[in-house]
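Undergrad: One structure coming up, written as structure tokens, with questions to follow.
Protein chains in written order, with the UniProt record's numbering: chain A, 1 to 569; chain B, 1 to 569.
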């Protein structure tokens, strides 16, 4: 489509209704999404269907993805899919002393375009990405190791939802202050004082997105789109194992920006050579004024400490707990938990790790169950869910990297194994590393976790398909351990199963005071590790697992500032 | 008034209309204020009149201000008015290991009260403060050195406006997310997924307000009320020379909180012994999760670097410039500038310091004026404005502390003195140090300020009644120097006088890019150093002078977090 066909008024006419719906959704937080979840919903009106998406992905393999970026001094790549295939895609490697200045060149026009035009340009970028959802699904699958269906949904529509949500928040925040105001102050019998004021949202500078391995689009889009929609240029530094999904995103953004008459260099990719570690270099460049990061606590803390010239938004590690105290739907609880532990081999920042279970057992609608029974029944539920290899593979995906595999293998040495991890073969991808989760029994007596220097295994994150069935002395102790875990290590999610008003109140109060998101008594088709854009907050920004939440006013409000020019009327 | 008479519904009925007007004002940014500026507007409906306010202040002198705080282990004080009188008021000195825990005790009830009740309780506190405006005026005057009328207006209604503005932003931010939501996601032919969600704004913890000497209420209230309205307890650490205005504020807050059924310890005072420096101790306490600070760049930077457990909002030093390039109202310009330089002896963070004037002179409606003529005419305008000692005193107030006096005295050695500072006697307060501003001519040739290690006097803040008439080579150079000054040192305000569209555009673009608030061609009764709540932003939060602006969404959005509890419907 030619540039002339993508004027701002056309984009506004096309996308404003969607923006308005998104603005309404974040206000009501009812269910809403403009991005279909079903693979068969694609293939018409310009979007790639299943076969076309696969073909588009296959055509990328072994290719050079030339984004037309200035300062490209080399071509780099080397992604190997967790499913075993080498992607062979190469990407531009940038001389950042050339690229960063080039990214600023188009900044004034982007700033002057204003919040509405920026929002609809972002929505057009999302439209292009949505049209390529099938292609992105393969790219996400073969970088994150997610199973196809999850890569399709979480990497496609759900990620696009989170992006749109960020655009909506960014737009709303910028238009809270009017463009113009007339200010007239009465002066008794004298003439009033009268001023004309103009307010302009201005960007902070260049934003840096540091992507992660497991959810390159879902975790990357909110920061990328929030920064772009608030007028900043965005430099995308993907995880070296998950470049392709974000490179395709940059490609789509650059296309749309150019077609709409803006400088494509407002969005650029920073791919790196193996071991180059350019995130550390980029993060402290004076041009970088915003950083979004998902990854390890160590590097997140490093960024917060060292990138002082930037606003730093981090999602780091946490330790997620589920308190299992009582239930009136024992089977539903077990099924729900089994799914939560299995989905994407527990490689979600939201997957429960610690199951806090009173050692005297729990109450259920079928009478009391001992701690051992609960753990055994949960192991059985996981085993049943994953009993069929094909179904198991579609749920588990592949182990994303050797570190996770090593951690899984070490976990069985931590205590009594209630459910051993099982190796599963994937007929389509024989080199994929597919493993079922391990459940390890641990003693949660207070003496093991009280005290600042606790070395109890369940007080640290063990990222991957590893869960601990922690025998605690009482429900009250479970709540205390929950509080301590959130306070010390953070948590992206908390779950609880209880039929007791008293315990429910205690868990709620713990979550309110320690600032963690709580799912209560989930026994159906919603899982503690899933959040929906426009309705659920992902993280709270108030405990050590993350300093921001997806998405709220705080996530966008400091990505721009408002400059006022006033003069006498 | 008894506690029972201050229920939440009654406070809502009383104050909700004011809150709604404030919410509308921050949206339109038209003129609005519920707090009368004229001293004669007080004295009825429960507010103290002029004589009563003075009597109330006099009664405070030499007294012990017992706030009924827990952990009080001593009584401290020692304020000496810049007008020469010893206040002799003593304040509770706290054992912080007792006080901080006590401040948390009432936190849950305050959180559970919700945004609206918190807002109207804050408005009731402001009502009590407003009723005592005459008393506060004397307290501000005799700590800051402001002249009475300024202390009355800036320390009274204008500060109360800024507080109300912060409450309005805080309320709006918290109610962006609904209390409850029903979420129903269609599942094709299967039953929909349905969740009930509850969203609760939760505070970060205890907020610390570190007050300043010159504007204890105006600069202190936004942070104090933003934190309190978002559910946090607030510990007020005043500047040792300006304790009384904030101590009276704490007193009013504690009274209202108790009457409304909340724990008065949600707001407490931390007065200190001479040289104790408790701000540094308090700032890194783990209980302190928010810090608001106005003061030196050195300590602001220290807070940002060291108080990593807290959200830190700082207003630091800056170098404010006015470009004088051309005007069609030469007299109006001179009068406006003369007032700006004189008001409160230039002891405002918004007072212009550098007057950037082309060395070849400027164009006016009366023809060209040389650089020397402009500077001489400005000196004459200041001299005329301050020619009458009584009028001068009412405008200048007193020099706030010996540091400012020393800086003023040193300034005349920096270059050719265009206007010498003059000593003025105050018949009512013979010990007051009252001085007119000095204007010093300096050479602004590019070679003197280009380069990172410039030692040109005008590249640093010289806080007090000191202005530099900087001869620049051209208007373009003036804009370049402006950019560099903002970028290196920050600026709370920028002014410009120009009739040239081109120069106006260049100055505007510099302010948009460097993120500074611009006043253009002010020749009447509005001055570059004054901002009005609900309409003007104070600072931008985007240059080194301050990391936040008064007031916007970013100022409030991260003082609380939202915790979601979801369960199956």
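For every residue, glycine included, the Cβ atom is placed at its ideal position computed from N, Cα and C.
Jot down the residue ranges of each uninterrupted alpha helix (DSSP H) in the segment 351–428 of chain B, minimum 4 residues, whole runs only, in chain order.
TA: As far as the segment 351–428 of chain B is concerned, its whole alpha helix (DSSP H) runs of at least 4 residues are 371–385, 389–396, 402–411.
Undergrad: Taking residue 83 of chain B as the query, report the chain A residues whose CB atoms sit under 8 angstroms from its CB, ordered along the chain.
TA: In chain order: nothing, as chain A lies at least about 29 angstroms away.
Undergrad: Please tell me whether residue 347 of chain A and residue 214 of chain A are closer than 8 angstroms, where the distance is taken between their beta carbons.
TA: Cβ distance < 8 angstroms, so residue 347 of chain A and residue 214 of chain A count as in contact.
Undergrad: What residues from chain B crowd round residue 293 of chain A, counting only those whose CB sits closer than 8 angstroms?
TA: Near residue 293 of chain A there are no residues of chain B at all, since even the closest Cβ is about 16 angstroms away, more than 8 angstroms.
Undergrad: Can you tell which of A:127, A:86, A:75 has the C-alpha that lies nearest to the C-alpha of residue 35 of chain A?
TA: It is A:127 whose Cα lies nearest to the Cα of residue 35 of chain A.
Undergrad: Among B:415, B:421, B:401, which residue has its Cα nearest to the Cα of residue 409 of chain B?
TA: Selected option, being the one with the closest Cα: B:421.
Undergrad: Return no unless some Cβ of chain A is closer than 8 angstroms to the Cβ of residue 577 of chain B.
TA: In the structure displayed, chain B extends from 1 to 569; residue 577 of chain B sits before or after that span and is not available.
Undergrad: Specify the secondary structure class of residue 187 of chain A as computed by DSSP and reduced to three states.
TA: Three-state result, residue 187 of chain A: strand.
Undergrad: Does DSSP put residue 173 of chain B in a helix, a strand or coil?
TA: The answer is helix: DSSP assigns residue 173 of chain B an H, G or I state.
Undergrad: Compare the beta carbon distance of residue 335 of chain B and residue 149 of chain B with 8 angstroms and say whether it is the shorter of the two.
TA: No.
Undergrad: Since residue 134 of chain A and residue 48 of chain A should fall inside the 8 angstroms C-beta cutoff, what is the C-beta to C-beta distance between them, to a whole number of angstroms?
TA: Sure, about 5 angstroms apart at Cβ, within 8 angstroms.
Undergrad: Locate the beta strand (DSSP E) running through residue 290 of chain B, then write down its first and last residues.
TA: Note, residue 290 of chain B: beta strand (DSSP E), 288–294.
Undergrad: Using a Cβ cut-off of 8 angstroms (strictly closer), state whether residue 375 of chain B contacts chain A.
TA: Chain A contact via Cβ: absent.
Undergrad: Pick out whichever of B:417, B:555, B:242, B:548 has its Cα sitting closest to the Cα of residue 138 of chain B.
TA: Checking every option, the nearest Cα to that of residue 138 of chain B belongs to B:242.
Undergrad: Have a look at the DSSP bridge pairing and note the partners of residue 564 of chain A.
TA: Residue 564 of chain A is bridged to A:199.
Undergrad: Alpha carbon to alpha carbon, how far is residue 101 of chain B from residue 70 of chain B? Give it in angstroms, no decimals.
TA: If you take the alpha carbons of residue 70 of chain B and residue 101 of chain B, they lie about 10 angstroms apart.
Undergrad: Mapping the DSSP letters down to three states, classify residue 488 of chain A as helix, strand or coil.
TA: Reduced to three states, the DSSP call for residue 488 of chain A is helix.
Undergrad: What are the start and end residues of the alpha helix (DSSP H) that includes residue 311 of chain B?
TA: Segment 311–315 is the beta strand (DSSP E) holding residue 311 of chain B; no alpha helix (DSSP H) there.
Undergrad: Can you grab the Cα-Cα spacing for the pair residue 433 of chain A / residue 141 of chain A, in whole Å?
TA: Residue 433 of chain A and residue 141 of chain A: Cα-Cα distance of roughly 13 angstroms.
Undergrad: What does residue 197 of chain A touch in chain B if you count any residue whose Cβ is under 8 angstroms from its own?
TA: Here the neighbours are 29, 535, 536.
Undergrad: When DSSP labels each residue in this structure, what does residue 125 of chain B get in the three-state scheme?
TA: Residue 125 of chain B: helix per DSSP, three-state reduction.
Undergrad: Hey, quick one: how far does the alpha helix (DSSP H) through residue 91 of chain A stretch, first residue to last?
TA: Residue 91 of chain A -> not in any alpha helix (DSSP H); beta strand (DSSP E) instead, spanning 91–94.
Undergrad: What are the uninterrupted segments assigned as beta strand (DSSP E) that are 3 or more residues long and contained completely in the segment 206–240 of chain B, given in chain order?
TA: Taking only runs of at least 3 residues, the beta strand (DSSP E) segments lying wholly in the segment 206–240 of chain B are 206–210, 233–237.
Undergrad: Output needed for residue 178 of chain A: all residues of its chain with C-beta closer than 7 angstroms, excluding positions within five of it in sequence on either side, in chain order.
TA: These residues qualify, in order along the chain: 199.
Undergrad: Looking only at its chain, what residues have a beta carbon closer than 6 angstroms to the beta carbon of residue 43 of chain B, apart from the 5 residues adjacent to it on each side?
TA: Excluding sequence neighbours, residue 43 of chain B sits near 49.
Undergrad: If you scan the segment 446–503 of chain B from start to end, which runs of the alpha helix (DSSP H) of 4 or more residues do you find wholly inside it?
TA: Runs found: 446–449, 475–489.
Undergrad: If you follow the alpha helix (DSSP H) that residue 256 of chain B is part of, which residue opens it and which one closes it?
TA: Where residue 256 of chain B is concerned, the enclosing alpha helix (DSSP H) stretches over 244–259.
Undergrad: DSSP three-state label for residue 194 of chain A, please.
TA: Strand.
Undergrad: So what's residue 341 of chain B in DSSP terms, helix, strand or just coil?
TA: Residue 341 of chain B falls in the helix class under three-state DSSP.
Undergrad: Inspect the beta-carbon positions of residue 130 of chain A and residue 160 of chain A and report whether they are closer than 8 angstroms.
TA: It is a contact, given that the beta carbons lie within the stated cut-off.
Undergrad: For a cutoff of 8 angstroms on Cβ pairs, would you count residue 427 of chain A as touching chain B?
TA: Not one chain B Cβ lies under 8 angstroms of residue 427 of chain A.
Undergrad: Sorted by chain position, which residues of the same chain lie with C-beta nearer than 6 angstroms to residue 253 of chain A's C-beta, five sequence neighbours on each side aside?
TA: Closer than 6 angstroms at Cβ, skipping near neighbours: 125, 267.
Undergrad: Short of 6 angstroms in beta carbon distance, which residues of its chain neighbour residue 212 of chain B, apart from the five on each side in sequence? Order them along the chain.
TA: Counting only Cβ-Cβ distances below 6 angstroms, and skipping sequence neighbours, we find 219, 239, 294, 295.
Undergrad: By DSSP, does residue 118 of chain B sit in helix, in strand, or in coil?
TA: In the structure shown, residue 118 of chain B sits in a helix (DSSP, three-state: H, G or I).
Undergrad: Return helix, strand or coil for residue 584 of chain B, following the three-state DSSP convention.
TA: Outside the displayed range of chain B (1 to 569) lies residue 584 of chain B, so it cannot be described from this structure.
Undergrad: For residue 501 of chain A, count the other beta carbons within 10 Å of its own beta carbon; 16 or more makes it buried, fewer makes it exposed. Which is it?
TA: Residue 501 of chain A should be labelled exposed.
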